[in-house]
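Report on the following structure.
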Amino acid sequence: MLALVAAVGYGVSDFVGGVASRRVAALRVVLVSYPLSLLIVLALAPFVGGTITPAGMAWGAASGLAGGVAVWWFYLALAEGPMAVVSPLTAVIVAGLPVVVGLALGERPGPVAYIGIVVALVAVVLVSRESPDDATAEVSARTLRFTKKVALLTFGSGVAFALTFVSLHQIGDDGGLWPLALQRAFATLVVWAVALAAHQFAPPRGMPLRLAIYVSVLDVVANAAMMYAFHGGMLSLVSVIGALYPAATVLLAMVMLGERVGRSQQAGMLLALAAVAMISVA
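If you're matching positions, the sequence shown starts at 672 in my numbering and goes up one per residue.
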């Protein structure tokens, strides 16, 4: 259940961040949301309690570092390559790699769970595909190709996103929210460094700023839920449910913005529900 909460949190966060990114550069949104999420965690951590351990804090830092790099490379891949290829390929790596790592560590889900994992991987690919959109064609003034550079950025971002899940799984269950605080701190440092290098170190104002605040709250909820879900669940199962977050983003875009959703995405959302049901039963 916590993994599903995390998936919804990630999905809603991406939706809100996407709406803000239509007015300002996406990097400027996370420039504010990441440090705000750190402040929220620091405010909550003393009340949650927990023991600070070197191992737990190190894995928290690793998760934040991987997450910051993942966002950086993913944005670069989207800027230079076709979104219809970059997005689903990244998503399937995010969903699939933790499953491989979990199985390598000795996890053995039941037969129904294995089927659920396969269904979830298919769902992630379908939901992450972009529907044809005339507006997209108008905005793109040049042909975007899946070059070697874009392929490397896509693969790298997918691996980095996956490593955030693997690192969260390795955090012990006695650290409270302190490892999550270090995660948000390291992610903030990466994003700030990238923003400075790109000459985009300027926080948004007005509505984008308010949306960035909402994103920070959603990030805390999603990452905390994911971390606690890993405490009592397998990496191979929890991560694949968490990776279904694009379904929530697509559903909100369809309901709130009236965006067209292709049949493949609709099928993906149905498969996502089926995958969650099978993994939950298992």
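Even for Gly, the Cβ is constructed at its ideal location relative to N, Cα and C.
message: If you measure between the beta carbons of A691 and M927, is that distance less than 9 Å?
response: No, these two residues do not count as a Cβ contact at 9 Å.
task: Please work out which residues of its chain come closer than 7 Å, Cβ to Cβ, to Y916, disregarding the five sequence neighbours upstream and downstream, and give them in chain order.
output: Only A678, Y681, G682, D685 meet the Cβ criterion.
Ordered list of alpha helix (DSSP H) runs contained in the stretch 673 to 702, each at least 4 residues: Every alpha helix (DSSP H) stretch that sits fully inside the stretch 673 to 702 and reaches 4 residues is listed by chain position as 673 to 692.
field: Inter-residue spacing [alpha-carbon to alpha-carbon] between V757 and G847
entry: V757 and G847: Cα-Cα distance of roughly 35 Å.
message: Judging by CA-CA distance, which residue of T818, G727, F836, W744 is the nearest neighbour of G773?
response: Per the Cα distances, F836.
message: Here's the rule I'm using: 16 or more other beta-carbon atoms within 10 Å means buried, otherwise exposed. How should P769 be labelled?
response: Classification for P769: buried.
message: Just to confirm before moving on: does the CB-CB distance between A938 and A791 stay below 9 Å?
response: At the C-beta level, A938 and A791 stay beyond 9 Å of one another.
- prompt: Taking just the CA atoms, how far does G720 sit from D844?
  reply: Using only the alpha carbons, I get a separation of about 11 Å.
Continuous alpha helix (DSSP H) stretch holding T975: start and end: Only positions 672 to 953 of the chain appear in this structure, which leaves residue 975 out of reach.
Sufficient close CB pairs (3 or more, under 8 Å) joining the stretch 823 to 836 to the stretch 699 to 716: Not touching, per the Cβ criterion.
task: Would you decide whether L776 is buried or exposed? Buried here means 16 or more other CB atoms lie within 10 Å of its CB.
output: Exposed is the call here.
query: Whole-angstrom Cβ separation of G739 and A919, contact assumed at under 8 Å?
result: Rounded, the Cβ-Cβ distance is 23 Å, inconsistent with contact.
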